[in-house]
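Q: What follows is a single structure, and I will ask about it in a moment.
There are 2 protein chains.
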Amino acid sequence: MTPRQLHRLGATAMALVLSVTAVHAEDIAEYMDFFEPLPYLPPIPAANSLTPEKVELGKMLFFEPRISGSGVISCATCHNPALGWSDRIPTAVGHDGQVGNRNTPTVLNSGFLGSQFWDGREPDLEGQALGPIEAEIEMNMDLEAAIRRLKEFDIYHEHFAAAFPGDEDPIRAENIADAIASFERTLNTPNSPLDRFLAGDVQAMSESQVEGMKLFVDAGCVACHNGPALTDSGFHRFELPGSTDEGRFIVTGDEADMFAFRTPTLRNVAVTYPYFNNGSVADLRDAVQLMGQQMLGQDFADEELDNLVAFMHALTGEMPDLVIPALP
Amino acid sequence: MTPRQLHRLGATAMALVLSVTAVHAEDIAEYMDFFEPLPYLPPIPAANSLTPEKVELGKMLFFEPRISGSGVISCATCHNPALGWSDRIPTAVGHDGQVGNRNTPTVLNSGFLGSQFWDGREPDLEGQALGPIEAEIEMNMDLEAAIRRLKEFDIYHEHFAAAFPGDEDPIRAENIADAIASFERTLNTPNSPLDRFLAGDVQAMSESQVEGMKLFVDAGCVACHNGPALTDSGFHRFELPGSTDEGRFIVTGDEADMFAFRTPTLRNVAVTYPYFNNGSVADLRDAVQLMGQQMLGQDFADEELDNLVAFMHALTGEMPDLVIPALP
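Taken in order, these protein sequences are the chains called A and B.
Going by my numbering, the first residue of the first sequence is number 390, and it counts up by one from there.
Going by my numbering, the first residue of the second sequence is number 390, and it counts up by one from there.
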């Protein structure tokens, strides 16, 4: 599906949802139908089978700072497991303290996204994985140099051979990407209050959270924030006050994509602040209000905001178990 | 005990050990008497009771990057649990990519050291903890600003109140230091092959490791590398090729301390490379040979080096269990 098609689908879905909700969504079961529990695993690409060996290797690489120019920055620096697998600062800080212009997205549940980066410039996690290693303002390491560095360690030879059996030269860029992507596909957050509610546990969400869920449907938020990760993976124009980032337009050159960004997941939104492409909004309540104004032309009342924010907290799942790898 | 006294004691101990070993250490039990198993906990100062609440808070603070000027550097950046709680680069890289002039010591078993930093300029972990937060080339954060930052989070108010009950203003510098020090005192690595060997498990060390242990005593290494952490915590002059670091002299101004550094722990030495105050020696075998030449006036033969290095590997203990804290 092309981005344009996705965009059109988003618009169609919103129209559909608004008409449906106005008529039918009267009892809680019908509201629940708008949501999907988080599956244990996201879609796995046919070309990158998810094996324990790849996951283990990918975890090592994810925490490996020596594939950065400085030797101290790893994927986990900005995608910090202590901080919701993000960094909780407005925009990323990388090599030599350089500050990027976009907020670090969480890795959690990222395998459920239809594309990667705020502007969707990569289709999948395999495509995403190597970019930050080479980016001058992030890890600033030539990929060939990173590969030479890894080859210095016997244990990486062993792990790459185990993860990519039959590959005569397994320590190479494509395999690094496949391994990191495989690890990332295991970083999912099941059993949020919403998931338990959808499974039938009516006590899993508070009254305010249930009201927020209903309003989330009735107001139309669910038009874009749907599916297991609460994103349509579509691109929507969003004029964030103070932001000059042209977003998806930079990728496509299509005027229709000006200021458009991929709908972010709402899973764990309460623990992945600050918000929006430049991280300029720190408060979840402010972010919800701004979304209502910008995308739905609606000012939520105080009680509505209370309920929507309560519902956002119902989207925080269980953090992945993590044993920090012992690197060579 | 003053540093001078420590230094004298070290010299006395070396003379004593050399005479004792020449005469008595003939069977394995006598060699074993030169070593101590690692206790479960290091000494706890009377003024900083080790409570679970302090340890938990200290863990949060240890992983907290928002008490750095950039917002992305925490204690765990250089004391990285994936890298033996050190960084495995020659000298530390901190704020804005600035490179320090000393190798990052591991936090593992650091509570067993008689002083902190390479030059022993702080007597204990409480004294050490705040230095890197404020150091311009490390975390580069004014301590008052760090405290203001922590006070923004309700959960830190709760954790400081729980860790320091009765303290009316618990989020303050002294308590930050006490909490971090408390967490660090739990980062010990028991059950190394040497510890199991000392406990009676004669199969816990290989034949080569046992030979290495004997040579470690006979050659005199144990004169300075003794006690539970295999350090006398004394200061010894060491002329590292290429290093101009004046070491302990910078602290005391005493000519006798010129180029002297505190004996590093040898626990986990195999996983805490590179070696020496400037991290200029990456290979453990080279480090052992250099020590023999510099401190003992002795060139070890190949087989002796094999055995000593094997014994060094017997000092790698079990890494602490770690659940990454969920920060606010």
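Positions of the beta carbon are idealized from the N, C-alpha and C atoms, including for glycine.
1. Exposed or buried, which one is B:Y545 when buried takes at least 16 other CB atoms within 10 Å?
2. Going by the CB atoms, is the gap between A:G631 and A:S669 shorter than 7 Å?
3. Starting from A:H625, follow the beta strand (DSSP E) in both directions and report where the run begins and ends.
4. Is B:M594 near B:V658, with beta carbons less than 7 Å apart?
5. So which of B:V482, B:L697, B:L704 has the shortest CA-CA distance to B:N492?
6. List, in order along the chain, the chain B residues whose C-beta lies closer than 7 Å to that of A:D749?
7. Using 10 angstroms around the beta-carbon of A:A411, count the other beta-carbons present and answer buried if the total reaches 16, otherwise exposed.
8. Considering only the beta carbon of each residue, do A:T689 and A:Q678 sit closer than 7 Å?
9. Since B:E511 sits in a beta bridge, which residues does DSSP pair it with?
10. What's the gap between the Cα of A:A588 and the Cα of A:P426?
11. Anyone know if the C-beta pair for B:F451 and B:F572 falls short of 7 Å?
12. With 9 Å as the C-beta to C-beta threshold (strictly closer), list the residues of the region 459-470 of chain B near chain A in chain order.
13. Our contact map puts B:H625 next to B:L655 with C-beta atoms below 8 Å; I'd like the distance itself, whole angstroms only.
14. Is there contact here, the region 502-511 of chain A with the region 550-559 of chain A, by at least three beta-carbon pairs under 8 Å?
15. Throw me the rounded Cβ distance for the A:I639 and A:D508 pair, which I believe falls under 8 Å.
16. Taking all protein chains shown into account, decide if B:E527 is buried (16 or more other Cβ within 10 angstroms of its Cβ) or exposed.
17. Report the CB separation of B:G486 from A:D485 in whole angstroms; it is logged as a contact under 8 Å.
18. Quick one: is B:L430 buried, meaning 16 or more other Cβ sit within 10 Å of its Cβ, or exposed?
19. With 7 Å set as the bound, which would you pick, yes or no: does the beta-carbon of B:V670 sit closer than that to a beta-carbon of chain C?
20. If we cut at 7 Å on Cβ distances, does A:D695 have a partner in chain B?
21. Just grab the DSSP bridge partners of B:A618 for me.
22. What residue range is occupied by the uninterrupted alpha helix (DSSP H) comprising B:F452?
23. Quick one: is B:I544 near chain A, going by C-beta distance under 7 Å?
24. Which residues of chain A have a Cβ atom closer than 8 Å to the Cβ of B:V482, listed in chain order?
25. Would A:I713 and B:P470 qualify as a contact pair, given that the criterion is a beta-carbon distance under 7 Å?
26. Straight-line CA distance for B:F542 to B:D691?
27. List the DSSP bridge partners of A:F650.
28. On the DSSP bridge list, what partners appear for B:V488?
29. How is B:Y662 classed by DSSP in three states: helix, strand or coil?
30. Considering Cα atoms alone, identify which of B:A562, B:T480, B:E445 is closest to B:G538.
31. Per DSSP, what are the beta-bridge partners of A:S475 in this structure?
32. Taking C-beta to C-beta, are B:G619 and B:E693 nearer than 7 Å?
33. From what residue to what residue does the alpha helix (DSSP H) around B:Q682 run?
34. Closer than 7 Å, Cβ to Cβ, to anything on chain B: give me those residues from the region 681-712 of chain A, in chain order.
35. Within a Cβ cutoff of 7 Å, which residues of the same chain sit near B:P579, ignoring the five residues on either side of it in sequence?
36. State yes or no: is the beta carbon of A:D340 nearer than 7 Å to at least one beta carbon in chain B?
A: For this structure:
1. buried
2. yes
3. 624-626
4. no
5. B:V482
6. Outside the displayed span of chain A (390 to 717) sits residue 749 of chain A, for which this structure offers no information.
7. The predicted model places A:A411 with a pLDDT of 45, which falls under 50 and marks its position as unreliable, so this point remains unresolved.
8. According to the sequence shown, residue 689 of chain A is Phe rather than Thr. Yes.
9. B:Q505
10. 8 Å
11. yes
12. S459, G460, V461, I462, S463, A465, T466, C467, N469, P470
13. Their Cβ separation, rounded to whole angstroms, is 14 Å, which puts B:H625 and B:L655 out of contact at 8 Å.
14. no
15. 6 Å
16. buried
17. 3 Å
18. exposed
19. Among the protein chains in the structure shown, which are A and B, there is no chain C.
20. no
21. Looking at the DSSP assignment, B:A618 forms no beta bridge with any residue, so it has no partner.
22. That residue, B:F452, is in no alpha helix (DSSP H); it is neither H nor E in DSSP.
23. no
24. S459, G460, V461
25. yes
26. 57 Å
27. A:H625
28. B:V482
29. coil
30. Before going on, a small fix: residue 538 of chain B reads as Arg here, not Gly. The option with the nearest alpha carbon to B:R538 is B:A562.
31. A:N469
32. First, the residue type needs correcting, since residue 619 of chain B is Leu and not Gly in the sequence shown. No, the pair does not count as a contact, with Cβ atoms beyond the cut-off.
33. 673-685
34. M708, L711
35. L427, Y429, G706, E707
36. Outside the shown range of chain A (390 to 717) lies residue 340 of chain A, about which nothing can therefore be said.
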